[in-house]
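Step one of this worksheet: look at the structure below.
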Amino acid sequence: MIRPAIAAGLALILAACATSTPYGPASGNNPYGFTEQRIETNRYRIVFRGNSSTTRESVETFLLYRAAELTIESGFDYFIVTEQDTEANKRYSSSPDPAFYGRYYYGYGPYCCAFPYYAYGWGWGSHYDYTTREFTRYTAIAFITMHKGEKPAEDPQAFDARSVTENLRSYVVAAPQS
Numbered sequence: 001m002i003r004p005a006i007a008a009g010l011a012l013i014l015a016a017c018a019t020s021t022p023y024g025p026a027s028g029n030n031p032y033g034f035t036e037q038r039i040e041t042n043r044y045r046i047v048f049r050g051n052s053s054t055t056r057e058s059v060e061t062f063l064l065y066r067a068a069e070l071t072i073e074s075g076f077d078y079f080i081v082t083e084q085d086t087e088a089n090k091r092y093s094s095s096p097d098p099a100f101y102g103r104y105y106y107g108y109g110p111y112c113c114a115f116p117y118y119a120y121g122w123g124w125g126s127h128y129d130y131t132t133r134e135f136t137r138y139t140a141i142a143f144i145t146m147h148k149g150e151k152p153a154e155d156p157q158a159f160d161a162r163s164v165t166e167n168l169r170s171y172v173v174a175a176p177q178s
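Using the working numbering, the first residue of the sequence shown is number 1, and each one after it goes up by one.
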């Protein structure tokens, strides 16, 4: 009875780890989400950090949405992205290949002779079989200036804040309210 409970608990923990970063502010105990820093009255630095399950596209969309949201909250109509970058932080994790362990426990003990293809007590292939996974966390950074009035049509870096929020709202998954 304890084994199924442990397995269910581990499955819940793994499921929680496999969800992407929801849209919301980063906090002291959760570094993922958006932060902003006011530089001048109409100039901000905005950062959105995603976990390893959050795609680059989502991180960049959330950043753009936050820029539009902040522009409206500050009483402006449009914003211009003056500088923008997306960084990829990659790390690798290696673990022994699950097939290597098998149910024969390396071919030692009571199962030593149960499977004739284990030469010298090792599983399938070399005893150095490892699975390596790549984890990538994206961080998008932008510097914006906010302005009132009509958005300049000739500037491709200018965005109408209300249009951005209307068009991206369906792509933004907010964190559940607690």
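Each residue gets a CB set at the ideal place from its N, CA and C atoms; glycine is no exception.
C-beta atoms of residue i and residue j nearer than 8 angstroms
i: Asn-143; j: Arg-45; result: It is worth fixing the name first, because residue 143 is Phe in this sequence and not Asn. For Phe-143 and Arg-45, yes; Cβs fall inside 8 angstroms.
i: Pro-22; j: Ala-174; result: yes
i: Arg-43; j: Thr-165; result: no
i: Tyr-138; j: Thr-61; result: no
i: Ser-94; j: Thr-132; result: yes
i: Val-59; j: Thr-86; result: yes
i: Ala-161; j: Ala-26; result: no
Collapsed DSSP secondary structure at residue i in the structure displayed
i: Ser-58; result: helix
i: Thr-21; result: coil
i: Glu-36; result: strand
i: Ala-26; result: coil
i: Val-47; result: strand
i: Thr-82; result: strand
i: Trp-122; result: Low confidence applies to Trp-122: its pLDDT is 48, below 50, so where it sits in the model is not reliable enough to give any reading.
i: Glu-87; result: strand
i: Ser-163; result: helix
i: Glu-154; result: coil
i: Thr-139; result: strand
i: Thr-132; result: strand
i: Arg-103; result: Since pLDDT at Arg-103 reaches only 43, below the 50 mark, its modelled position is unreliable, and the value read off the structure follows with that caveat. Reduced to three states, the DSSP call for Arg-103 is coil.
i: Ser-53; result: coil
i: Ser-94; result: strand
i: Thr-145; result: strand
Residue i versus the options, residue with shortest Cα-Cα distance
i: Pro-31; options: Gly-50, Glu-57 and Lys-90; result: Gly-50
i: Asn-89; options: Asn-29, Thr-82, Arg-56 and Ala-158; result: Arg-56
i: His-147; options: Glu-40, Gly-24 and Ser-27; result: Glu-40
i: Tyr-92; options: Gly-24, Ser-163 and Ser-52; result: Ser-52
i: Gln-157; options: Gly-28, Gly-24 and Thr-82; result: Thr-82
i: Asn-167; options: Gln-84, Leu-64, Gln-37 and Asp-155; result: Leu-64
i: Ser-74; options: Asn-29, Gly-28, Arg-38 and Asp-155; result: Arg-38
Buried/exposed call for residue i, threshold 16 Cβ in 10 Å
i: Thr-71; result: buried
i: Thr-54; result: buried
i: Arg-66; result: buried
i: Gly-183; result: Outside the shown range of the chain (1 to 178) lies residue 183, about which nothing can therefore be said.
i: Tyr-120; result: Bear in mind that a pLDDT of 46 at Tyr-120, under 50, signals an unreliable position, so the number given afterwards is only what the model happens to contain. The residue is exposed, with fewer than 16 neighbouring Cβ atoms inside 10 Å.
i: Tyr-117; result: For Tyr-117, the pLDDT reaches just 46, beneath the cut-off of 50, and the residue's location in the model is therefore unreliable, although a value from the coordinates is still provided. It is exposed - the Cβ of Tyr-117 has fewer than 16 other Cβ atoms within 10 Å.
i: Gly-125; result: With a pLDDT of only 49 at Gly-125, under the threshold of 50, the placement of this residue in the model should not be trusted; the figure read from the coordinates follows. By the 10 Å Cβ count, Gly-125 comes out exposed.
i: Phe-48; result: buried
Within the chosen definition, does the stretch 144–151 reach the stretch 71–91 through at least 3 CB pairs nearer than 8 angstroms?
-> The stretch 144–151 and the stretch 71–91 touch, with no fewer than 3 CB-CB distances between them shorter than 8 angstroms.
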